[in-house]
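Engineer:
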Ligand SMILES: Cc1cc2nc3c(=O)[nH]c(=O)nc-3n(C[C@H](O)[C@H](O)[C@H](O)COP(=O)(O)OP(=O)(O)OC[C@H]3O[C@@H](n4cnc5c(N)ncnc54)[C@H](O)[C@@H]3O)c2cc1C
Ligand code: FES
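Residue numbers (this note's numbering): 32 to 356.
Pasting the structure below:
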């Protein structure tokens, strides 16, 4: 796709339920997995959008089915509670859309944390079928961007490869700054033998981004890889060193813990750069029904000067300066 070419806004595409067959799986540490799924007809997704995945066996939904059959309210059995089954879908960013032999493949990247992601890590073997709904939410806006700085904290890395790929297709210059507590918690595959700059200056050190001609700068809280310190500080220094970025057409995109993203937004305000943030709130339905994912945003329409927005439907990507952190 070239710059200026019109794309159908992803929000216009209605989400659907799909069965995705796992066709590729990579474990790049005990905690992080990358899976690729073939889901017939899944298309039109943009970076920043997400899917929700059923992370439990069908037999775990017995209580819900009994309700449908009998009209009684569902009651979780004590065994289900003891086993901590993930009864509501779990949201995951679309990590990439890659060409496969049978059309587009949808990639997800996730960190194993609790019952849902543990189930996924065990069951998402090559050949397995997963139930998912998507594409959901409103993704990153990319039109007219000349230079993009991507700032990813921890698992906030998940939407970044897809975003970098789409921006590069539109001719945008892209650089990625990635941060984590330690090297082990960095969801990135570092190229063997690559030199990671200790000041956090980006280099071609991650294969999947190097293929897109995107340099990556790394920061870790304990200094075990790249620059010692917080990603938000690394970004502040990077923007001070690269003053040429403070001009029309440059955008900072960020995803990660909210404390980190709020500092990233403050930094971009200092440098007068627009910043798009991808929020990750707890979600139950993912489709605007349960109201569990609200965040407060500035609003001129409301007397109090703010209003609630739904991260699942109105976001997850928002203008960083509109959010009340
Ligand atoms: C729009 C969106 C996109 C996401 N994309 C990804 C992704 O691409 N890869 C990925 O690994 N994770 C992603 N997450 C987070 C992911 O959904 C949770 O890690 C997952 O639901 C955990 O489920 P679980 O049953 O394994 O653990 P749970 O028992 O539900 O949670 C385990 C731990 O994770 C924390 N946690 C759970 N959900 C969230 C959340 N939304 N934000 C912050 N902390 C949370 C809990 O506090 C708890 O400490 C995303 C979340 C949202 C809302
Ligand atoms: S997750 Fe249910 S309304 Fe957003």
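Glycine included, each C-beta is placed from N, C-alpha and C at the ideal position.
No experiment lies behind these values; they were computed from the predicted model shown.
(1) Using only the alpha-carbon positions, how far apart do residue 324 and residue 343 sit?
(2) For ligand 2, which residues count as neighbours when the test is a C-beta closer than 7 angstroms to any heavy atom?
(3) Using the Cα positions of residue 152 and residue 169, report the straight-line distance between them to the nearest angstrom.
(4) Rounded to whole angstroms, what's the CA-CA distance from residue 59 to residue 276? Just pull it up for me.
(5) Would you mind giving the Cβ-Cβ distance between residue 181 and residue 191, rounded to the nearest angstrom? I have them listed as a contact below 8 angstroms.
(6) Check whether the Cβ atoms of residue 171 and residue 248 lie closer than 8 angstroms to each other.
(7) Taking all protein chains shown into account, decide if residue 136 is buried (16 or more other Cβ within 10 angstroms of its Cβ) or exposed.
(8) Anyone know if the C-beta pair for residue 267 and residue 258 falls short of 8 angstroms?
(9) Compare the beta carbon distance of residue 286 and residue 179 with 8 angstroms and say whether it is the shorter of the two.
(10) When you compare only the Cα positions, how much space is there between residue 46 and residue 272?
(11) Which residue comes first and which comes last in the beta strand (DSSP E) that contains residue 350?
(12) What are the start and end residues of the alpha helix (DSSP H) that includes residue 149?
(13) Should residue 148 be listed as close to ligand 1, given that the test is whether its C-beta is under 7 angstroms from any heavy atom?
(14) Sort 67, 176, 194 by Cα distance to residue 138 and report the nearest one.
(15) Please name the residue or residues paired with residue 179 in a DSSP beta bridge.
(16) Tell me residue 251's beta-bridge partners as DSSP assigns them.
(17) Looking only at its own chain, which residues have a Cβ that is under 8 angstroms from the Cβ of residue 222, when we skip the five neighbours before and after it?
(18) So the beta strand (DSSP E) residue 50 belongs to, where does it begin and stop?
(19) Measure from the alpha carbon of residue 354 to the alpha carbon of each residue in 326, 347, 333, then state which is nearest.
(20) Alpha carbon to alpha carbon, how far is residue 321 from residue 160?
(21) Compute every distance between the C-beta of residue 123 and the non-hydrogen atoms of ligand 1, then say whether any falls below 7 angstroms.
(22) Would residue 122 and residue 185 qualify as a contact pair, given that the criterion is a beta-carbon distance under 8 angstroms?
(23) Quick one: what's residue 173 bridged to in DSSP?
(24) Cβ atoms of residue 300 and residue 348: under 8 angstroms apart, would you say?
(25) Under DSSP, the beta strand (DSSP E) around residue 333 begins and ends at which residues?
(26) Quick check: residue 214 and residue 155, are their CB atoms within less than 8 angstroms of each other?
(27) Bridge partners of residue 130, per DSSP?
(28) Inspect the beta-carbon positions of residue 83 and residue 176 and report whether they are closer than 8 angstroms.
(29) Any heavy atom of ligand 1 inside 7 angstroms of the beta-carbon of residue 62?
Structural biologist: Taking the geometry as given:
(1) The residue labelled residue 324 in the question sits at position 293 within the chain shown. The residue labelled residue 343 in the question sits at position 312 within the chain shown. The straight-line gap from Cα to Cα measures roughly 7 angstroms.
(2) Those satisfying the condition are, in chain order, 314, 315, 316, 317, 318, 319, 320, 321, 322, 323, 324, 341, 342, 343, 344.
(3) Start at 1 with the first residue of the chain shown, and residue 152 comes out as number 121. Start at 1 with the first residue of the chain shown, and residue 169 comes out as number 138. Roughly 27 angstroms separates the two Cα atoms.
(4) Within the chain shown, numbered from 1, the residue matching residue 59 stands at position 28. Within the chain shown, numbered from 1, the residue matching residue 276 stands at position 245. Rounded to the nearest angstrom, the two C-alpha atoms are 33 angstroms apart.
(5) In the chain shown, the residue the question calls residue 181 occupies position 150. In the chain shown, the residue the question calls residue 191 occupies position 160. Yes, residue 181 and residue 191 are in contact; Cβ-Cβ is about 5 angstroms, under 8 angstroms.
(6) Walking along the chain shown from the start, residue 171 turns up at place 140. Walking along the chain shown from the start, residue 248 turns up at place 217. With respect to residue 248, residue 171 sits apart: the two C-beta atoms are not nearer than 8 angstroms.
(7) Counted from its first residue, the chain shown places residue 136 at position 105. The residue in question, residue 136, is buried, as its Cβ has 16 or more Cβ neighbours within 10 Å.
(8) Numbered from 1 along the chain shown, position 236 holds the residue referred to as residue 267. Numbered from 1 along the chain shown, position 227 holds the residue referred to as residue 258. The Cβ atoms of residue 267 and residue 258 do not sit closer than 8 angstroms to each other.
(9) Numbered from 1 along the chain shown, position 255 holds the residue referred to as residue 286. Numbered from 1 along the chain shown, position 148 holds the residue referred to as residue 179. No, the Cβ-Cβ distance between residue 286 and residue 179 is not below 8 angstroms.
(10) The count along the chain shown starts at 1 and reaches residue 46 at position 15. The count along the chain shown starts at 1 and reaches residue 272 at position 241. Between the alpha carbons of residue 46 and residue 272 lies a gap of roughly 42 angstroms.
(11) Working through the chain shown from its first residue, we reach residue 350 at position 319. If you look at residue 350, you'll find it in the beta strand (DSSP E) that goes 348-350.
(12) Translated into positions along the chain shown, residue 149 becomes position 118. Per DSSP, residue 149 belongs to the alpha helix (DSSP H) from 146-154.
(13) Position 117 of the chain shown, counting from 1, holds the residue named residue 148. Yes, Cβ of residue 148 sits closer than 7 angstroms to a heavy atom of ligand 1.
(14) As a working note, residue 138 is residue 107 in the chain shown. Closest by alpha carbon: 67.
(15) As a working mapping, residue 179 is identified with position 148 in the chain shown. Beta-bridge analysis with DSSP links residue 179 to 205, 282.
(16) Here residue 251 corresponds to residue number 220 of the chain shown, with the count starting at 1. Beta-bridge partners of residue 251 (DSSP): 211, 259.
(17) Looking up residue 222 in the chain shown gives position 191. Excluding sequence neighbours, residue 222 sits near 235, 236, 237, 238, 241.
(18) Translated into the one-based positions of the chain shown, residue 50 becomes position 19. Where residue 50 is concerned, the enclosing beta strand (DSSP E) stretches over 47-58.
(19) Within the chain shown, the letter at position 323 stands for residue 354. Of the candidates 326, 347, 333, the one whose C-alpha sits nearest the C-alpha of residue 354 is 326.
(20) For this step, residue 321 is matched to residue 290 along the chain shown. For this step, residue 160 is matched to residue 129 along the chain shown. Distance from the CA of residue 321 to the CA of residue 160, rounded to the nearest whole angstrom, comes to 27 angstroms.
(21) Here residue 123 corresponds to residue number 92 of the chain shown, with the count starting at 1. Yes, the Cβ of residue 123 comes within 7 angstroms of a heavy atom of ligand 1.
(22) Numbered from its first residue, the chain shown carries residue 122 at position 91. Numbered from its first residue, the chain shown carries residue 185 at position 154. For residue 122 and residue 185, no; Cβs fall outside 8 angstroms.
(23) Counting from 1 along the chain shown, the entry for residue 173 is found at position 142. Checking the DSSP bridge columns, you'll see residue 173 has no partner listed.
(24) The count along the chain shown starts at 1 and reaches residue 348 at position 317. The count along the chain shown starts at 1 and reaches residue 300 at position 269. In this structure, residue 348 sits away from residue 300, with a CB-CB distance that is not shorter than 8 angstroms.
(25) The sequence position of residue 333 within the chain shown is 302, counting from 1. First-last for residue 333: undefined, no H or E at that position.
(26) Stepping through the chain shown from its first residue, residue 214 is reached at position 183. Stepping through the chain shown from its first residue, residue 155 is reached at position 124. The Cβ atoms of residue 214 and residue 155 do not sit closer than 8 angstroms to each other.
(27) Here residue 130 refers to the residue found at position 99 when the chain shown is read from its first residue. DSSP output for residue 130 lists 135 as bridge partner(s).
(28) Taking the first residue of the chain shown as position 1, residue 83 is located at position 52. Taking the first residue of the chain shown as position 1, residue 176 is located at position 145. It is not a contact, given that the beta carbons lie outside the stated cut-off.
(29) On the chain shown, position 31 is the one that residue 62 refers to. Outside the cutoff, so no.
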